[in-house]
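Student:
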Amino acid sequence: MKFTWNKESDEKMTLKKFLKNKGVSHRTLSSLKKGNGKVLVDGKKRSLAIEVGKRKITLILPPEKSDENVKMSKEPLDIIYEDSNWIVVDKPPLLSSVPGPSNRTDTLVNRVKFHLWQQKSKDLVPHVITR
0 MKFTWNKESD
10 EKMTLKKFLK
20 NKGVSHRTLS
30 SLKKGNGKVL
40 VDGKKRSLAI
50 EVGKRKITLI
60 LPPEKSDENV
70 KMSKEPLDII
80 YEDSNWIVVD
90 KPPLLSSVPG
100 PSNRTDTLVN
110 RVKFHLWQQK
120 SKDLVPHVIT
130 R
């Protein structure tokens with residue numbers, strides 16, 4: 000997954016602080032330090048400790064590993080909007096959002112996972128956000 004921001008202010012701050020201000024979690028920042036993903040400043044890989052002013056900052060995260068226990072469902076999916084980061088769907092009533100003990104094979108997550116697989120996405124781990 001890739002996120003890009005244009006830092007408009009000349010005020011200097013570390014990349015780490017900038018990313019925290021953008022909502023990047025402590026866990027993700029720790030993972031970046033271990034080499035899982037990268038941060039680019041004007042297209043060049045940089046450390047989280049450097050200070051930046053007015054620059055283009057890009058965060059690139061590696062695809063999450065798919066859980067083989069989460070099956071795919073070929074049942075229909077009513078997609079309202081889709082881009083490289085988001086899929087907005089109209090979930091039918093009574094359809095569970097995530098797999099659980101009573102239903103492991105046909106939930107919103109199972110349907111979205113199949114859709115992502117059909118689209119040849121590298122990331123097959125849906126994260127559900129509800130209203």
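For the sequence shown, counting from 1, position 129 maps to 128 in numbering that gives the first Met the number 0; every step adds exactly one.
Ideal placement from N, C-alpha and C gives every residue a C-beta, glycine not left out.
1. For Lys-21, tell me which candidate among Gly-34, Ile-79, Thr-3 and Asp-66 has the shortest Cα-Cα distance.
2. Closest by CA to Pro-75, which one among Phe-17, Asn-109 and Ser-8?
3. Is Ser-72 buried or exposed, if buried means 16 or more other CB atoms sit within 10 Å of its CB?
4. Leu-28 and Leu-18 look like a contact to me (Cβ under 8 Å); what is the Cβ gap, rounded to whole Å?
5. Name the DSSP bridge partner or partners of Thr-3?
6. With a CB to CB cut of under 7 Å and the five nearest residues on each side skipped, what residues in its chain are close to Asp-89?
7. Here's the rule: buried if 16 or more other CB atoms are within 10 angstroms of the residue's CB, otherwise exposed. What is Pro-62?
8. Roughly how many whole angstroms lie between the Cα atoms of Trp-85 and Leu-47?
9. So, under 8 Å CB-CB, Val-51 and Met-12 are touching, yes? Tell me the CB distance rounded to an integer number of Å.
10. Of the residues Arg-130, Ile-56, Asp-122 and Pro-91, which one's Cα is nearest the Cα of Lys-64?
Tutor: From the atom records:
1. For the purposes of this step, residue 21 is identified with residue 22 of the sequence shown, where counting begins at 1. Among Gly-34, Ile-79, Thr-3 and Asp-66, the Cα nearest to that of Lys-21 belongs to Thr-3.
2. In the sequence shown, the residue the question calls residue 75 occupies position 76. Out of Phe-17, Asn-109 and Ser-8, Asn-109 has the C-alpha closest to the C-alpha of Pro-75.
3. Position 73 of the sequence shown, counted from the first residue, corresponds to residue 72. Ser-72 is buried by the Cβ-count criterion.
4. Start at 1 with the first residue of the sequence shown, and residue 28 comes out as number 29. Start at 1 with the first residue of the sequence shown, and residue 18 comes out as number 19. That belief holds up - the Cβ atoms of Leu-28 and Leu-18 are roughly 6 Å apart, short of 8 Å.
5. Here residue 3 corresponds to residue number 4 of the sequence shown, with the count starting at 1. Bridge partners of Thr-3: Thr-57.
6. For the purposes of this step, residue 89 is taken as the residue at position 90 of the sequence shown. Excluding sequence neighbours, Asp-89 sits near Asp-77 and Ile-79.
7. Position 63 of the sequence shown holds residue 62. Exposed, because fewer than 16 other Cβ atoms sit within 10 Å of the Cβ of Pro-62.
8. Position 86 of the sequence shown, counted from the first residue, corresponds to residue 85. Position 48 of the sequence shown, counted from the first residue, corresponds to residue 47. Distance between the alpha carbons of Trp-85 and Leu-47 is about 26 Å.
9. The residue given as residue 51 occupies position 52 in the sequence shown. The residue given as residue 12 occupies position 13 in the sequence shown. Confirmed, about 7 Å.
10. In the sequence shown, the residue the question calls residue 64 occupies position 65. Comparing Cα-Cα distances from Lys-64 to each of Arg-130, Ile-56, Asp-122 and Pro-91, the minimum goes to Asp-122.
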